[in-house]
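For the sequence shown, our numbering begins at 1006 and goes up steadily by one. Cβ coordinates follow ideal geometry from the N, Cα and C atoms, glycine included. This one's a predicted model, so the numbers in the text were calculated from it and none came from an experiment. In what follows, a structure is listed as structure tokens, so that the remarks can point back to it.
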Amino acid sequence: MSGKKDNVESQSVAIIGGGVIGMSTAFHLAEKGVSKITVIDKGYIGGGSSLQAAGIVTSLEWNETAIRARVKTLDNFERFSQILDGYSFHQVGCLNLLSEEDYIGDKDLRDLQIKLGSKVEILQGGKLSDKFKDVVAAPNEYGVLDLRGGYSEPHRYVPALKNKIEKMGVDIREHEEVVGFDLQGAQIKGIVTRSSVNQKETKEKFDIVICAVNAWINHLLSWVDFQIPMKNFIHERFVTKPFETKLNLPAINDRVVEGYIRPTEDNRLLVGTDAYNPENFIMPNQQFTVDQLTPDPRALPFLRERFRSRVPVIESAVWDYHTVGLISITRDATPVIGPMPGIDGLFVGSNFHSGGFAYNPVAGQLIAEHVVDGETSIDSERYLPQRFIGFDTKSYLQNSMTIDDMKFKRH
């Protein structure tokens, strides 16, 4: 922790990646007085996995750092509801559904969550159905309801945040690819971009470069001979057509049926899972885009079977559409946020497992604090990329894994 940096407000910042992490970072940097901010995306804003996200958020995380971070995220989402035109955070609550064994085993964690600011209500068995008529739970199942949790609609949030940062003076450049870093020894001096119009490459000077490309991160970090031990996985979400009767359920992370489900603002159901246990996806090159992903035929039948007893109304659902994206998980199932070791002026915000959308407000805040203040408002040491120094990342990346091998816990 080095304290506030000198004259950073006058320095130029390039953010590579125009998803919610990159845009949130731009927002927080602009709020801190940085005036020369450019967001660059090889496709369109939100076109990676941001617009494919479920948008569920809860503070009921698994360690102190993550809980503190998610409490800040909820603070930000509540604030964004007031300042982003066209966006509202749907604070319907987020329910973690547990077996009795998990509920008892999580007591110390639950006490920590409450101590650090989570607002919870405990509901068992039939009490869940009394509160949420579309949710069914067995007598020995428990719901821990995060009263501040809920969901965002990505198709509302992404354009609202884009419009906001443009009004704050952020320059957004779409369909422009970053193909290299301009380095002088261990100092970042800028980036090399390639025009999608004429394929011409141009060196551009920037004082600070932030990589916010998530699943694509190792392609960029190969330019500085650093790799993150991570795996990407295909993740699908399915959305029904609207129901005629008003749905009554919160956002749900269900550890019993191994999936998630939530209502939408227009009375649909959105569901998703990875529990059919896909193998990691190998991204062929930096030019890869998510519209090249192939859906897994196991996903929808798996979801319907798992959720038919939890949310019975799903039996009568007519399925409207589904989207395919990537989630990116490190070997310790923990995000990577902070300065790159050995390269002055280079920062990273990536690998948010399945919770990138939920993390985005606080991730952008933490990156901005690293850049401007040289320290963060919470202890975020466990997020730093330097934790992988000395690990045999090369061997790790060569091994194929399934999502069960990653042992991560959702959201």
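What are the boundary residues of the beta strand (DSSP E) that residue i is part of?
i: Y1147; result: 1146–1151
i: V1341; result: 1341–1344
i: F1032; result: No beta strand (DSSP E) holds F1032; the alpha helix (DSSP H) holding it covers 1025–1036.
i: F1238; result: 1235–1245
i: R1303; result: Element bounds for R1303: n/a, residue is neither H nor E.
i: V1044; result: 1041–1045
i: Y1265; result: 1264–1268
i: L1331; result: 1324–1335
i: G1369; result: Where G1369 is concerned, there is no enclosing beta strand (DSSP E), although the alpha helix (DSSP H) it sits in stretches over 1361–1378.
i: D1259; result: 1256–1259
i: G1052; result: Premise fails: G1052 is in no beta strand (DSSP E) and is neither H nor E.
i: A1019; result: 1017–1021
i: L1351; result: 1351–1355
i: G1277; result: 1274–1278
Residues in the same chain with beta-carbon distance under 6 Å from residue i, minus the five sequence neighbours each way, listed in chain order, please.
i: E1014; result: G1038, V1039
i: Y1162; result: Y1092
i: A1142; result: G1130, L1133
i: E1145; result: According to the sequence provided, residue 1145 is Asn. The question's Glu does not apply to it. Closer than 6 Å at the Cβ level, and outside the excluded window around N1145, lie E1105.
i: M1173; result: A1035
i: Q1292; result: none
If you measure between the beta carbons of residue i and residue j, is that distance less than 7 Å?
i: P1390; j: V1341; result: yes
i: L1150; j: L1100; result: yes
i: G1155; j: L1128; result: no
i: F1238; j: N1285; result: yes
i: D1225; j: M1028; result: Residue identity check: residue 1225 is Leu in the sequence provided, not Asp. Taking 7 Å as the Cβ cut-off, L1225 and M1028 do not qualify as a contacting pair.
i: R1178; j: I1045; result: yes
i: S1055; j: G1024; result: yes
i: F1137; j: N1253; result: yes
i: T1328; j: Q1057; result: yes
i: I1287; j: V1276; result: no
i: I1233; j: N1223; result: yes
i: A1019; j: V1202; result: no
i: A1373; j: H1033; result: yes
i: R1311; j: V1262; result: yes
i: G1110; j: L1152; result: no
i: I1026; j: A1217; result: yes
i: M1235; j: T1335; result: yes
i: I1348; j: V1229; result: yes
i: G1264; j: T1278; result: yes
i: G1048; j: T1294; result: yes
When the Cα of residue i is compared with those of the options, which residue comes out closest?
i: I1050; options: S1359, L1065, A1031; result: A1031
i: T1407; options: P1346, V1316, S1314, Y1281; result: Y1281
i: A1074; options: S1314, G1190, G1360, K1412; result: G1360
i: G1195; options: I1042, Q1096, N1290; result: I1042
i: S1330; options: A1059, I1021, E1069; result: The identity of residue 1330 in the sequence shown is Gly, whereas the question assumes Ser. When only C-alpha atoms are compared, the closest one is A1059.
i: E1210; options: S1157, V1183, N1068, D1116; result: For the record, residue 1210 in the displayed sequence is Lys; it is not Glu. Of the candidates S1157, V1183, N1068, D1116, the one whose C-alpha sits nearest the C-alpha of K1210 is V1183.
i: M1411; options: N1258, V1044, I1332; result: I1332
i: L1102; options: P1346, T1063, H1240, D1113; result: T1063
i: N1258; options: I1383, I1061, S1017; result: I1061
i: S1385; options: K1077, S1104, Q1232; result: K1077
i: S1157; options: P1366, P1234, R1392; result: P1366
i: N1120; options: P1144, E1069, D1135, Q1087; result: This sequence places Lys at residue 1120; Asn is not what is there. Taking only the C-alpha atoms, the option nearest K1120 is E1069.
i: L1351; options: G1190, L1117, D1337, G1053; result: G1190
i: I1072; options: Q1297, K1172, E1106, Q1118; result: Q1118
i: T1269; options: Y1364, P1159, I1348, S1227; result: P1159
i: G1354; options: N1272, F1248, Q1292, W1221; result: W1221
i: E1083; options: Y1401, S1405, T1398, A1363; result: A1363
i: K1010; options: G1395, D1271, D1212, R1115; result: D1212
i: F1231; options: D1135, S1086, F1393, S1017; result: F1393
i: M1345; options: L1079, D1135, Q1192, D1116; result: Q1192
Please go through the same chain and pick out, in chain order, the residues whose beta-carbon is closer than 7 Å to the beta-carbon of residue i, but skip the five residues on each side of it.
i: M1006; result: Note on M1006: pLDDT 43, under 50, position unreliable in the model; the coordinate value appears next. Closer than 7 Å at Cβ, skipping near neighbours: G1379, E1380.
i: S1200; result: E1181
i: A1322; result: T1245, L1274
i: L1089; result: A1165, L1166, K1169
i: R1313; result: I1319, E1320
i: D1139; result: L1252, N1253, L1254, V1316, V1318
i: S1382; result: E1374
i: R1309; result: I1319
i: D1107; result: R1260
What residues in its chain sit with their C-beta under 8 Å from that of residue i, if we drop five residues either side in the sequence?
i: W1324; result: F1243, V1244, T1245, K1246, L1305
i: V1197; result: V1183, V1184, G1185, F1186, D1187, E1206, T1207, K1208, E1209
i: E1171; result: I1177
i: Y1388; result: T1070, T1339, P1340, V1341, I1342, G1343, L1371
i: P1283; result: F1238, I1239, D1301, T1407, I1408
For the alpha helix (DSSP H) holding residue i, just list the boundary residues, first then last.
i: Y1401; result: 1398–1403
i: I1408; result: 1408–1411
Can residue i be considered in contact with the ligand GTP, in the sense that its beta carbon sits closer than 6 Å to one or more heavy atoms?
i: E1069; result: By its list of ligands, the structure shown contains no ligand whatsoever, and the ligand GTP lies outside what it can speak to.
List, from N- to C-terminal side, the beta strand (DSSP E) runs of 3 residues or more that fit wholly inside the region 1137–1223.
You should have 1146–1151, 1176–1178, 1181–1189, 1192–1200, 1206–1210, 1213–1216.
Starting from the N-terminal side, write out each stretch of the alpha helix (DSSP H) that is 4 residues or longer and does not extend beyond the region 1066–1137.
At a cut-off of 4 residues, the continuous stretches assigned as alpha helix (DSSP H) that sit fully inside the region 1066–1137 are 1069–1088, 1105–1110, 1112–1120, 1131–1136.
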